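As structure tokens, the structure follows; a few thoughts come after it.
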Amino acid sequence: MSDEALAHLHSVEWCAPEVLPATVAEWLTSRDSMTRLLERYCRCLRVQVETERFVASLRIPEEPSLLPLSERYWLREVTLFGDDQPWLFGRTVMPEQTLKEAEIDLTQIGNTPLGRYLFLQGPPVRDFIHTGRSGQLWTRRSRLFLAGNPLLITELFLPDAPIYFPDRYQD
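Here is the structure:
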């Protein structure tokens, strides 16, 4: 999953939120926790960690310009499953300084969704949301701040995600 998802992230065509279909715009521009939003559409939201490690450089071309220079970045790539269906590929990149100043050790959260920690004290500061598409898959990228330090979260909505079929997942 990770290689295919990364290929999609390399080919995203970013667009203004104003040109998005209304149902998609609700998802992509939401400032709430994506974890909470996805949990509304399933009985069990599960995280599968694809990658968690320090990296010296970033593979997605735009990422370095959106974060401060750092000797190392913490990279976390996960797939979120709603009732065992792959719904979202998430990629989080944090400069080492952000990781050091966080109140909890984010390198140890394992299969817990990152959103559970980021939104504990209410919504974190988010200075932008970029929206885009890769083929038929919608994507969003946000820069959030944790203890005043930035992190970048990119979310690729996989083909079975409720963003594409919201009525299918309603009770």
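Quick note: the sequence shown, position 61, residue 99 per this note's numbering, numbers continuous.
Glycine residues also receive a C-beta, built at the ideal position from the N, C-alpha and C atoms.
Here the structure is a predicted model, which means the values were calculated and not measured.
Are residue i and residue j close, meaning C-beta to C-beta below 7 Å?
| i | j | result |
| --- | --- | --- |
| residue 181 | residue 157 | no |
| residue 131 | residue 190 | yes |
| residue 113 | residue 78 | no |
| residue 50 | residue 172 | yes |
| residue 120 | residue 76 | yes |
| residue 124 | residue 44 | no |
Quick check on the burial criterion: 16 or more other C-beta atoms within 10 angstroms. Buried or exposed for residue i?
| i | result |
| --- | --- |
| residue 229 | In the structure as shown, the chain begins at 39 and stops at 209. Residue 229 is therefore absent and cannot be evaluated. |
| residue 199 | buried |
| residue 85 | buried |
| residue 194 | buried |
| residue 203 | exposed |
| residue 142 | exposed |
| residue 169 | buried |
| residue 95 | exposed |
Output needed for residue i: all residues of its chain with C-beta closer than 6 Å, excluding positions within five of it in sequence on either side, in chain order.
| i | result |
| --- | --- |
| residue 129 | 115 and 192 |
| residue 151 | 73 and 85 |
Under a three-way DSSP split, which group does residue i fall into?
| i | result |
| --- | --- |
| residue 171 | strand |
| residue 41 | helix |
| residue 67 | coil |
| residue 85 | strand |
Tell me whether residue i counts as near the ligand FAD, meaning its Cβ is closer than 6 Å to at least one heavy atom of that ligand.
| i | result |
| --- | --- |
| residue 83 | Of the ligands one can find in the structure shown there are none, so the ligand FAD has no counterpart to examine. |
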